[in-house]
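Notes for the one structure printed next.
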Amino acid sequence: MDLCCELPKLPVLFEHYEEQSEHDGTSFLEFLDFHYGDGQNEEDHHHDDEHDKNLPFHDQHQCSHGSIFITPLMEKVEIPTQSFFTLTQTGFYSFSLCSEHPESPFQPPKA
74 MDLCCELPKL PVLFEHYEEQ SEHDGTSFLE FLDFHYGDGQ NEEDHHHDDE
124 HDKNLPFHDQ HQCSHGSIFI TPLMEKVEIP TQSFFTLTQT GFYSFSLCSE
174 HPESPFQPPK A
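Residues in the sequence shown are numbered from 74 upward in steps of one, following my numbering.
Written out as structure tokens, the structure reads:
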């Protein structure tokens, strides 16, 4: 269901309600129940099937609209390149696996 196809039909809904209200004194809620609800009081209302099928949200149809996305033309933007340098590690500490107790988390200081 597409609102773009159904919303323009709202004036038809109000016109049909006014006609039916003048004919048999139907309240707006009774009118909505008859046309969109279970319609238990059907015998109290006159039938106008030709008019009823023009009501919004009343018939089954597929209405589709294509979507088009257009981007504005933009000038080419150039991002200046940055020069990077690499840091060299100076090795303040050396790690050695040679130890009397390699499995122990506590090791003596290394010189």
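Cβ coordinates follow ideal geometry from the N, Cα and C atoms, glycine included.
Requested in this report: Hey, could you find the ends of the alpha helix (DSSP H) P84 is sitting in?
Outcome: Counting along the chain, the alpha helix (DSSP H) containing P84 begins and ends at L83 to D97.
**Report entry** Where the alpha helix (DSSP H) containing F104 begins and where it ends
**Finding:** DSSP places F104 inside the alpha helix (DSSP H), whose first and last residues are F101 to Y109.
Query - Rounded C-alpha distance that separates S140 from Q162 - result: In this structure, the straight-line span from the alpha carbon of S140 to that of Q162 is close to 56 Å.
Requested in this report: Check E79 in the structure and name its three-state DSSP category.
Outcome: DSSP places E79 in helix when its eight states are reduced to three.
Query raised in the report: Is the CB-CB distance between P129 and E92 below 8 Å?
Result: In this structure, E92 does not lie closer than 8 Å to P129 by Cβ.
Report task. Can you say whether T99 is buried or exposed, counting buried as having 16 or more other CB atoms within 10 angstroms of its CB? Result -> That one is buried.
Query raised in the report: Measuring CA to CA, which of K149, D111 and D125 is closest to P84?
Result: When only C-alpha atoms are compared, the closest one is D125.
Requested in this report: Determine the direct distance from the alpha carbon of K82 to that of P145, and round the result to whole angstroms.
Outcome: Distance between P145 and K82, taken at the CA atoms: about 35 Å.
Query raised in the report: By the 10 Å Cβ neighbour count, where 16 or more other Cβ atoms means buried, how is E105 classified, buried or exposed?
Result: Checking the sequence, you will find Leu at residue 105 rather than Glu. Sixteen is the threshold: since fewer than 16 other Cβ atoms of the shown chains lie within 10 Å of the Cβ of L105, the residue is exposed.
Query raised in the report: What's the gap between the Cα of E95 and the Cα of C77?
Result: Their backbone Cα atoms lie some 30 Å apart in a straight line.
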